[in-house]
Structures are given as structure tokens and as C-alpha cells.
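Oh and the sequence shown: position 243 is 293 in the numbering used here, straight run, nothing missing.
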Amino acid sequence: MPTDTDVELTAFSGSETGSKVRVAAVQMASGPTVTANLEEAFRLIEEAAAKGAQLVVLPEYFCIMGMKDTDKLAVREQPGEGEIQNFLSEAAKRFGIWLAGGSVPLVSPVSSKVYNSCLVYDGQGQQVARYDKIHLFGLSLGSENFAEERTIDAGNKIVAIDSPFGRMGLSICYDLRFPELYRMMGKVDIILAPSAFTAITGKAHWETLIRARAIENQAYLIAPAQGGFHVNGRETNGDSMIVDPWGVIIDRLPRGAGVVVAEIDQAYQSSVRASLPALEHRCLLAC
């Protein structure tokens, strides 16, 4: 993590929705064509909204899984402009939901790279948060070779925002391996972790990481994922899930496109934190 990382703690107003709210994680197997991916995403957002979800989270790379890593450079957008961002804004407004676009390729100062950005929109279609992925995935294991640093410019701001559903911390995929990121968010009620885990790393570590981050932060964790075989030959792990503050998996989807829906219960979360006040017992603080 960059030593000059800033912590961006932004508050946005929103009406209270009560102690319970339905949320959704969308699972996809995105391809190389943005338009086709957006059509599929719309169908799944519509399904989630029909099931009563007020917060819907799309997976990492929902808008493009290119034939090669550099394909995302061709569809990168300026902040606040472009087909992908317009889609997210219009979908959020149409269904009156909060919508998180797991990751969108945005321009960076480096011409050969993009920011991999999680964008959050409120029910009026206004963008209320942006998080640029900090930890960039690298793997060299058999036939699996990835080096996100070649095409992605790392972010340096930790983002947590207030929402009608509680305080939300934003992260993307590989961030899950770095628990200090979430500690630096402060106390958050919900963690978003849109991902595209590989089949190999996902089988070994996905569930463990998701449940660990939920347990140690006593937070609900919404983890939408890419799941299946992609046109580019890549296989992603899937297993999108929503986990409660006790580490219980409320709902999950092993493979294929679909929607995972669960209820967040703020009263239950408060009872967990009151009965086991681990967040208050924390002793080891950064110097």
C-alpha cells in the first residue's frame, strides 16, 4: 500500500429505511463487448430490484472482460462521462436503488493504464462515491499468470461513506488479502468486495477471506463475483455471497449468472457488537 495513502471518509445524507434492508450481489460471466455486458447487467439489476433489493452491487469487470488485458484501455472513460457511467446512473435512478458498479475503467495520468474504480450511485442516479483499487493482483502459478500493474494505476485513497443502510467501506477483489485496509476505514457496517477471483485462488481462499473480513469487522460483507468460463479462455471462481457479522453465509451462488439477495438487519448487527465488543477491545493501533 502506498505510504502516502489518504483516508477519504465522506458522508452523504439519506433517509432512514429502518433496521432491515434487502441487498443484492450480482454474479456475471462478462465478455469482451461492453454493450452486451451492460444488457446482461441490466437484466440482473432488474431481477434484484424485483426481489426488493435497495442496494445492488455488480462484480469487478462487470462491463468488460477483454480478450487481452489492454482491451480495457480502449473503453476507458473520463470521470462523469461515458456509456458505462451513464448506464449505472440511469439504472440506479430507474429502479430507485443504490447501485455499485464493481469496477469501471477510468482514465489515469498514465496513458498505458486505467484506474479500476468502484463507483456508487444513489437512488436519484447521482454518483456518491468512487474508490480506485489500491492492491493490484499478481500471480504466477502454473498456467495462471496475472500482473494488473501493467495496465492498472493503483489508487491511494481509502473510501468509506454513510448511506441509508449504514456506513459502507469500498474495496475490490485482491484488497481482501489486506485486512489493514478495512481497519483504516474505521467502524463500517457494510463492506463491498466486488471481485473476479481466479478459479485456482478462489477455490483455495475466497470463502475464507470473505468470512474473515466480515467476522473481524463485525460487518455485513457483500461479495459479487465473476463466475464461469469467459470468451477469453479465463475461468473465474464465482461463489458470490453475502455474509453476516457473525461470519454466517446468508446466501450464495456457486456458478453462472444470477443474483444473491439477503436481508441486512441493523438490530442484529448491534447485538453482535454488544455481546462481543471486539472492535472496542482493539489494542494494537498504528503509530
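For every residue, glycine included, the Cβ atom is placed at its ideal position computed from N, Cα and C.
Candidates 167, 100, 295: which alpha carbon is nearest residue 122's?
-> 167
In angstroms, rounded to a whole number, what distance separates the CA positions of residue 196 and residue 234?
-> 27 Å
Out of 274, 278, 295, point me to the one whose CA is closest to residue 98's CA.
-> Nearest of 274, 278, 295 to residue 98, Cα basis: 274.
Residue closest to residue 147, alpha-carbon to alpha-carbon, out of 124, 217, 199, 106 | 106
Helix, strand or coil: which one does DSSP assign to residue 128?
-> coil
Distance, Cα to Cα, residue 69 vs residue 287?
-> 32 Å
Secondary structure at residue 258, three-state DSSP: helix, strand or coil?
-> helix
Please state whether DSSP places residue 87 in a helix, a strand or coil.
-> helix
Among the residues of its own chain, which have a CB less than 7 Å from the CB of residue 267, if the five just before and after it don't count?
-> Shown here for residue 267: same chain residues with a beta carbon closer than 7 Å to its own, the five before and five after excluded, namely 232, 238, 241 in chain order.
Pick helix, strand or coil for residue 247, following the three-state DSSP scheme.
-> DSSP places residue 247 in the coil class of the three-state scheme, outside both helix and strand.
Does the separation of the CB atoms of residue 297 and residue 243 fall below 8 Å?
-> no
On the DSSP bridge assignment, give the partners of residue 296 in chain order.
-> Bridge partners of residue 296: none, in fact.
Evaluate contact between the stretch 138 to 152 and the stretch 186 to 206, counting only Cβ atoms and requiring at least three cross-stretch pairs below 8 Å.
-> no
What residue ranges within the stretch 206 to 251 form continuous alpha helix (DSSP H) runs of no fewer than 4 residues, ordered along the chain?
-> 229 to 233
Spatial neighbours of residue 109 within its chain, please: CB distance less than 6 Å, with the 5 preceding and 5 following residues excluded, ordered by chain position.
-> The residues 78, 152, 244, 274, 275, 276, in chain order, have a CB closer than 6 Å to that of residue 109 in the same chain once the five nearest residues on each side in sequence are set aside.
Under 8 Å between the Cβ atoms of residue 278 and residue 305?
-> Contact: yes.
Sort 111, 293, 258 by Cα distance to residue 87 and report the nearest one.
-> 111
Can you tell me the Cα-Cα spacing of residue 177 and residue 127, whole angstroms?
-> 15 Å
In three-state DSSP terms, what is residue 77?
-> strand
What is the DSSP secondary structure of residue 120, reduced to helix, strand or coil?
-> Here residue 120 sits in helix by DSSP.
In the DSSP assignment, find the alpha helix (DSSP H) that holds residue 275 and state where it starts and stops.
-> Looking at the DSSP string, residue 275 is not in any alpha helix (DSSP H), and its letter there is neither H nor E.
Buried or exposed: where does residue 154 fall if 16 or more other Cβ atoms within 10 Å of its Cβ makes it buried?
-> buried
Reference residue 250, options 312, 289, 302, 324, closest by Cα = 289
Let me know if residue 327 comes out buried or exposed under the rule of 16 or more other beta-carbons within 10 Å of its beta-carbon.
-> With fewer than 16 Cβ atoms within 10 Å of its Cβ, residue 327 is classed as exposed.
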